[in-house]
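These notes concern the structure reproduced below.
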Amino acid sequence: MKYSKILLCFGALWASSAFPAPAPCDTLRVAFLTDIHVTPGNVQDSLFRVAVDEVNASPCDIVIFGGDLTNLGSDAELEHVHGLISRLKKTWYAVPGNHETTWSESACTTFARIFGHDGRIAFRVGGYLFLGYASGPFMKMAKGAVRTEDLAWLATEAAKARPDERIVSLCHYPLNNDLTNRTEVTATLRQLGIPLTLFGHYHRAPSLFNFDSIAGIQGRALRGKSDSDAGYTLLDFWGDSVRVREKTLGAEPRTRFTIRMQDDPQTLALASDPTPPVPDYKAHAQLVLQDSATIYTGAAFYKDLVYYGTTQGMLRAYDTRRNREVWRQRFGGALYTTPLVAEGLVIAGTTTDGLRAYDARTGRERWHIDTPTPIVGQGLVDGRGSGAALYIGLGNGTMAKIAVSDGRILWRYDYGRGQSQGQPALADGKLVFGAWNGHLHCLDAATGKLGWKWTNGSKSLFLSPGNIVPRIAGGRVFIDAPDRAVTCLDLASGSVVWRCTDYKAREASGMSADGKRFYVKTMDGELLAIDTAPDAFRRLWITPAGFGYDYTACPVTVSGGIAYLADRSGNVAAVREDGTPLWCVKCCNSAANFITEAPDGSLWATFAEGKIFRIPPHAPAGHKKKIP
101 MKYSKILLCF GALWASSAFP APAPCDTLRV AFLTDIHVTP GNVQDSLFRV
151 AVDEVNASPC DIVIFGGDLT NLGSDAELEH VHGLISRLKK TWYAVPGNHE
201 TTWSESACTT FARIFGHDGR IAFRVGGYLF LGYASGPFMK MAKGAVRTED
251 LAWLATEAAK ARPDERIVSL CHYPLNNDLT NRTEVTATLR QLGIPLTLFG
301 HYHRAPSLFN FDSIAGIQGR ALRGKSDSDA GYTLLDFWGD SVRVREKTLG
351 AEPRTRFTIR MQDDPQTLAL ASDPTPPVPD YKAHAQLVLQ DSATIYTGAA
401 FYKDLVYYGT TQGMLRAYDT RRNREVWRQR FGGALYTTPL VAEGLVIAGT
451 TTDGLRAYDA RTGRERWHID TPTPIVGQGL VDGRGSGAAL YIGLGNGTMA
501 KIAVSDGRIL WRYDYGRGQS QGQPALADGK LVFGAWNGHL HCLDAATGKL
551 GWKWTNGSKS LFLSPGNIVP RIAGGRVFID APDRAVTCLD LASGSVVWRC
601 TDYKAREASG MSADGKRFYV KTMDGELLAI DTAPDAFRRL WITPAGFGYD
651 YTACPVTVSG GIAYLADRSG NVAAVREDGT PLWCVKCCNS AANFITEAPD
701 GSLWATFAEG KIFRIPPHAP AGHKKKIP
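Under my numbering, think of the first position of the sequence shown as 101, with each following residue one higher.
In structure tokens form, the structure reads like this:
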């Protein structure tokens with residue numbers, strides 16, 4: 101009797117400790133691979149083949165991939181890595197990472213076609229229900245974000261859990277402030293009784309995190325600091341306990357830590373990220389609407405109507421005076437292209453249904469163009485009446501000129517590969533645009549014939565001018581691409597006038613109304629003004645906007661002598677064109693997409709979390725938040 105009581109007490113003490121008992125024989129054994137970054141022929145390609153052979157020879161039950169399977173998310177890379185994964189003799193599951201969603205040629209439709217889902221995947225094994233979902237960002241550089249519709253899906257799937265079935269969350273991003281809607285996500289998981297999440301993104305040894313009392317297990321990247329340091333993570337699940345082991349290729353696994361999925365002392369002892377700052381925008385901006393889906397487009401206007409698209413494939417026409425929806429069109433996939441209004445039409449590029457034109461008032465379709473690949477780039481309309489023309493990329497590797505009136509393709513220029521994600525520029529009969537193929541292209545706007553193309557010489561497609569808005573003034577083209585250089589080119593010849601690498605410029609730019617000042621937002625959160633006239637780089641001024649480090653590609657909009665810029669964390673700033681900072685306010689927590697001027701002179705800013713704000717014309721100069 102005494103002996104039994106001693107054993108009972110010992111068992112209670114053991115159960116309350118930070119280190120659960122060793123895994124029993126009925127353990128669910130998981131190989132967790134994340135951040136493998138395979139490109140055909142690269143080092144990771146070879147290492148991953150070795151990892152597949154090891155996993156096949158191991159006693160693991162299933163394999164889980166935590167995203168960043170590829171480098172650029174290209175169709176070829178996705179096909180290749182899927183072929184390698186298919187060599188596994190174990191059941192496997194995968195979610196996309198930011199390298200599949202940010203640079204995708206197909207707006208993630210290829211991932212969905214090959215892997216059978218767009219990020220949402222539910223599977224159960226060994227008494228556990230795993231719920232995987234995408235965490236973006238989609239088609240842009242920004243922080244991660246879980247789409248509103250994916251949170252709703254989580255709730256639906258969690259409700260299907262069987263009695264005593266434990267639920268595990270799976271996504272690529274950590275659920276901290278690297279995720280714009282982190283507090284909403286962790287609150288949802290707690291409400292649904294999901295105590296644990298698996299993630300990648302951080303290229304380091306397997307680690308334990310506390311995400312607002314949600315335990316987070318970070319898997320290591322395939323490739324470590326050297327080729328010999330390659331490996332993956334092993335997870336042993338039993339009851340509500342998890343043992344985390346690191347498996348270096350060719351070596352025996354070593355235990356990193358063991359935890360209970362819920363209320364583990366090791367987890368709770370770790371600090372969570374501080375709560376994001378509270379929005380403070382009311383002196384300068386008005387929240388117009390909150391959509392139920394994520395928004396990655398800008399806004400367009402026709403009289404009292406505003407148009408925008410969502411990740412749920414919805415094109416919405418919203419009456420701003422009556423505060424109600426007038427009409428909507430639904431497509432099979434997400435919208436990333438800002439609608440264009442011209443000649444009484446609303447024109448929208450889609451990821452699944454080509455290019456569509458609708459009557460601006462009624463939403464009745466007027467014409468459409470089917471495209472073999474998704475449209476993700478911004479368009480440009482020039483001219484009026486019967487001469488109005490639309491310039492837009494018709495998917496991967498194609499730029500076209502289209503008659504607005506009836507949708508006739510006037511010319512098309514096939515440049516090979518790479519989406520033209522940004523917006524083209526037009527001046528002096530020349531059309532200039534960049535693409536994710538390393539090149540800036542200049543075409544004859546009337547014929548579509550190539551005049552010249554320019555490259556910065558980098559072999560990395562990451563540094564392509566794929567998501568830029570070229571600015572043209574005085575017969576010159578000004579760009580800032582991910583190579584962190586400001587470049588001035590001759591419009592007629594494409595020759596380099598000057599290049600400046602003294603500032604960390606990246607994709608977000610603007611131009612003054614008179615064309616005398618080219619504006620660049622740096623990655624240090626500054627606004628840089630450059631004189632467009634000299635034959636050498638000449639800085640006029642540089643001023644902090646109040647953001648700090650930032651890399652969102654939201655263009656700089658100039659209106660009424662004020663430059664407006666935004667960042668990846670929901671901040672909007674205004675800087676007078678003499679360099680005087682006016683204000684910086686926080687609208688929300690997600691990245692801004694575009695700041696667009698409406699016919700009445702107001703500015704409309706859209707944000708990924710589904711919010712649209714209106715900034716009145718000539719907003720007051722006073723500011724709540726001091727700019728350092």
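The C-beta atom is built at its ideal place from N, Cα and C for all residues, glycine as well.
Is it buried or exposed, V138, if we count other Cβ atoms within 10 angstroms and call 16 or more buried? buried
Are the CB atoms of A663 and E677 within a distance shorter than 8 Å? yes
Top-ranked residue by Cα proximity to R345, from D514, V672, L133 and T622: L133
Could you tell me the distance, in whole angstroms, from the CA atom of R512 to the CA atom of A592? 21 Å
Within the chosen definition, does the region 257-274 reach the region 414-430 through at least 3 CB pairs nearer than 8 Å? no
Just mark V672 as buried or exposed, buried being the case when its beta carbon has 16 or more other beta carbons within 10 Å. buried
In the DSSP assignment, find the alpha helix (DSSP H) that holds D94 and state where it starts and stops. It is not possible to answer for residue 94, since the shown part of the chain is limited to 101 through 728.
Span of the beta strand (DSSP E), counted from its first residue to its last, around G319: Looking at the DSSP string, G319 is not in any beta strand (DSSP E), and its letter there is neither H nor E.
Here's the rule: buried if 16 or more other CB atoms are within 10 angstroms of the residue's CB, otherwise exposed. What is K403? exposed
Contacting residues, own chain, Cβ-Cβ under 6 Å from W490 (five flanking each side not counted): It is worth fixing the name first, because residue 490 is Leu in this sequence and not Trp. Closer than 6 Å at the Cβ level, and outside the excluded window around L490, lie G479, V481, I502 and V504.
Please say whether Q521 and G566 have beta carbons closer to each other than 8 Å? yes
Name the one or two DSSP bridge partners that N310 has. A315
Give the secondary structure of S669 by DSSP, where H, G and I count as helix, E and B as strand, and everything else as coil. coil
With 16 as the cutoff for other CB atoms within 10 Å, does Y649 come out buried or exposed? exposed
Is the region 226-233 touching the region 624-642, taking contact as three or more C-beta pairs under 8 Å? no
Runs of alpha helix (DSSP H) lying entirely within the region 555-606, each at least 4 residues, in chain order: none
If we ignore side chains and look at the alpha-carbon of each, how far apart do Y302 and D312 end up? 19 Å
Length of the line joining the Cα atoms of P274 and T283: 12 Å
Proximity winner among S595, P582, D590 and L389, relative to S609 (alpha-carbon distances): P582
Would you list the residues sitting across from E626 in a DSSP beta bridge? P644
Return helix, strand or coil for N281, following the three-state DSSP convention. coil
Taking contact to mean at least 3 C-beta pairs separated by less than 8 Å, is the region 329-346 in contact with the region 278-292? no
Report the rounded CA-to-CA distance for K96 versus D153, giving the unit in angstroms. Here the chain comprises residues numbered 101 to 728, so residue 96 is not present and cannot be evaluated.
When the distance is taken between beta carbons, is T394 closer than 8 Å to T248? yes
Does the separation of the CB atoms of I695 and A653 fall below 8 Å? no
Note down the Cα distance separating L377 from I579, rounded to an integer number of angstroms. Checking the sequence, you will find Pro at residue 377 rather than Leu. Those two C-alpha atoms are separated by around 33 Å.
Could you tell me the alpha carbon to alpha carbon distance between S146 and K382, rounded to whole angstroms? 54 Å
For G661, the nearest candidate out of N689, R617, D380 and S560 (CA to CA): R617
I'd like the ranges of any beta strand (DSSP E) spanning at least 3 consecutive residues and lying wholly in the region 318-394. 331-338, 341-348, 354-360 and 386-390
Please report the straight-line C-alpha distance between T657 and R323, rounded to a whole angstrom. 41 Å
Using CA atoms only, rank isn't needed, just tell me which of T473, V476, G477 and I447 is closest to E465. I447
Decide if the region 170-187 is in contact with the region 214-225; the criterion is three or more beta carbon pairs, one per stretch, under 8 Å apart. yes
Kindly indicate the opening and closing residues of the alpha helix (DSSP H) around G493. Careful: G493 lies outside any alpha helix (DSSP H), inside the beta strand (DSSP E) at A489 to G493.
Is H199 helix, strand or coil by DSSP? helix
Quick check on this structure: which residue in R606, T601, R576 and K604 has the alpha carbon closest to the alpha carbon of S595? R576
According to DSSP, is W253 helix, strand or coil? helix
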